[in-house]
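Peer 1: Just passing along the structure, written as structure tokens.
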Amino acid sequence: MIDTRSAPHAALVLRIALGVMFIAHALLKYYVFTLPGTVQFFHSLGLPPALAYLTFWAELIGGLLILAGVYARWVSLALVPILLGAAWAHSGNGWVFNAPNGGWEYPVFLAAAAIAQGLLGDGAYALANLRRARKLRQQAYA
Numbered sequence: 009m010i011d012t013r014s015a016p017h018a019a020l021v022l023r024i025a026l027g028v029m030f031i032a033h034a035l036l037k038y039y040v041f042t043l044p045g046t047v048q049f050f051h052s053l054g055l056p057p058a059l060a061y062l063t064f065w066a067e068l069i070g071g072l073l074i075l076a077g078v079y080a081r082w083v084s085l086a087l088v089p090i091l092l093g094a095a096w097a098h099s100g101n102g103w104v105f106n107a108p109n110g111g112w113e114y115p116v117f118l119a120a121a122a123i124a125q126g127l128l129g130d131g132a133y134a135l136a137n138l139r140r141a142r143k144l145r146q147q148a149y150a
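With my numbering as the guide, the letters of the sequence shown map in order to residues 9 to 150.
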């Protein structure tokens with residue numbers, strides 16, 4: 009049985025972890041691998057260059073939205089295909105993440121975490137909750 013008193017805080021912990029992780033991966037692409045380097049890597053996999061830029065922006069903006077708790081449920085689910093694509097890209101390296109060039113374990117775990125976030129919703133202290141509360145107050149006084 010789910011403890012309904014602590015579930016919103018569990019969703020908050022997951023939301024913070026996922027948001028920070030997506031932002032970190034976007035910044036890794038920007039500062040370490042560079043966007044041209046990321047484009048080159050995507051090209052080596054036979055993927056269109058535009059997908060590298062789309063992935064960078066999706067991770068950065070998606071991570072910020074998840075972290076803030078703005079449509080975290082839907083953004084988390086929207087990012088699952090990127091995580092499954094990362095798992096596919098690393099599938100030839102083996103399962104464990106510490107394999108040379110990284111395995112597919114970590115992206116699949118993050119995909120599961122993103123699906124869990126999608127099922128849980130925004131959680132405690134989400135900006136979306138503040139918006140909902142404000143709207144309810146306005147309706148109460150109308």
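We treat Cβ as the ideally placed atom computed from N, Cα and C, and that holds for glycine.
#1: Please go through the segment 33–67 and give each complete alpha helix (DSSP H) segment of 4 or more residues, from N-terminal end onward.
#2: With the cut-off set at 7 Å, would you say residue 101 and residue 107 are in Cβ contact?
#3: On the criterion of 16 or more Cβ atoms from any shown chain inside 10 Å, does residue 104 qualify as buried, or is it exposed?
#4: Specify whether the segment 36–47 and the segment 82–98 touch according to this definition: at least 3 beta carbon pairs, one from each stretch, less than 8 Å apart.
#5: Just tell me which of 14, 10 and 25 has its CA closest to the CA of residue 77.
#6: Can you give, in chain order, each stretch of the beta strand (DSSP E) that sits fully within the segment 101–135 and has at least 3 residues?
#7: Helix, strand or coil: how does DSSP classify residue 31 here?
#8: From 113, 130, 54 and 148, pick the residue whose C-alpha is nearest to that of residue 27; which is it?
#9: Tell me which same chain residues have a C-beta within less than 7 Å of the C-beta of residue 20, skipping the five on either side of it?
#10: Can the beta-carbon of residue 140 be found less than 7 Å from the beta-carbon of residue 80?
Peer 2: Here's the rundown:
#1: Fully contained in the segment 33–67 are the following alpha helix (DSSP H) runs of length 4 or more, in chain order: 43–52.
#2: Yes, these two residues count as a Cβ contact at 7 Å.
#3: exposed
#4: no
#5: 25
#6: none
#7: helix
#8: 130
#9: 131, 132 and 133
#10: No; because the gap between Cβ atoms is not below 7 Å, this pair is not in contact.
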